[in-house]
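Engineer: Add 540 to a position in the sequence shown, counting from 1, and you land on the number used in this note's numbering.
Ideal Cβ positions, reconstructed from N, Cα and C, are used throughout, including at glycine.
Bear in mind that the values here come from a model prediction, so they are computed numbers and not experimental data.
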Amino acid sequence: MSATVVMLWLANIVLDTFGQLSFKAAAAGPDLGEGLARWKAMARRPWIWSGIACYVGEFLVWLAFLSLVPLSEGVLLGSINIVAVMIAGRVLFAEKLSPMRTLGILLIAAGVAVVGVGG
């Protein structure tokens, strides 16, 4: 993979992970109320807007990335985002990683490594 492809891939991982974590932070908390009031409270949180900005940036980076790699390879490499989000969720939100989820993380990472080396 070229340096440009690697940089776009890493930017995609960072933007997707930060976007997911921002949405989680915006949606977390019992003080948000219920129903429409909850949605209004989330819309006032800066985290929701950070998440949206990350997703817009990720969309642009993803398009650039896919313009340089075959779709089959790009989609497989993109699955490492799942691993990054799960690990960050564990670290920042104390979410549980069961043995099966941990095994899934390892299998995804191994698959991405195989695709990366093979590409």
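Identify which residue in L606, I645, L632 and M640 has its Cα closest to the Cα of M547.
Structural biologist: M547 has its Cα closest to that of L606, out of L606, I645, L632 and M640.
Engineer: Can you find a heavy atom of the ligand FMN that lies under 6 Å from the Cβ of A624?
Structural biologist: Because no ligand of any kind appears in the structure shown, any question about the ligand FMN cannot be addressed here.
Engineer: Just checking my contact of W587 with A566 at CB under 8 Å: how many whole Å lie between their CB atoms?
Structural biologist: The pair is a contact, with the Cβ atoms about 4 Å apart (cut-off 8 Å).
Engineer: What's the call for M640, buried or exposed, on a 16-neighbour Cβ count within 10 Å?
Structural biologist: The residue in question, M640, is exposed, as its Cβ has fewer than 16 Cβ neighbours within 10 Å.
Engineer: E598 and L555 - do their beta-carbons sit closer together than 7 Å?
Structural biologist: Yes, these two residues count as a Cβ contact at 7 Å.
Engineer: For the alpha helix (DSSP H) containing K564, name the first residue and the last one.
Structural biologist: First-last of the alpha helix (DSSP H) with K564: A543 to A567.
Engineer: Unbroken alpha helix (DSSP H) runs of length 4 or more, entirely within the stretch 605-635: which are they?
Structural biologist: Within the stretch 605-635, the complete alpha helix (DSSP H) runs of at least 4 residues are 611-618 and 620-633.
Engineer: Let me make sure I understand the geometry here. Which of V615, I645, A634 and K564 has the alpha-carbon closest to that of G656?
Structural biologist: With distances taken between Cα atoms, G656 lies closest to V615.
Engineer: With H, G and I counted as helix, E and B as strand and the rest as coil, what does DSSP make of R585?
Structural biologist: The answer is coil: DSSP assigns R585 none of H, G, I, E or B.
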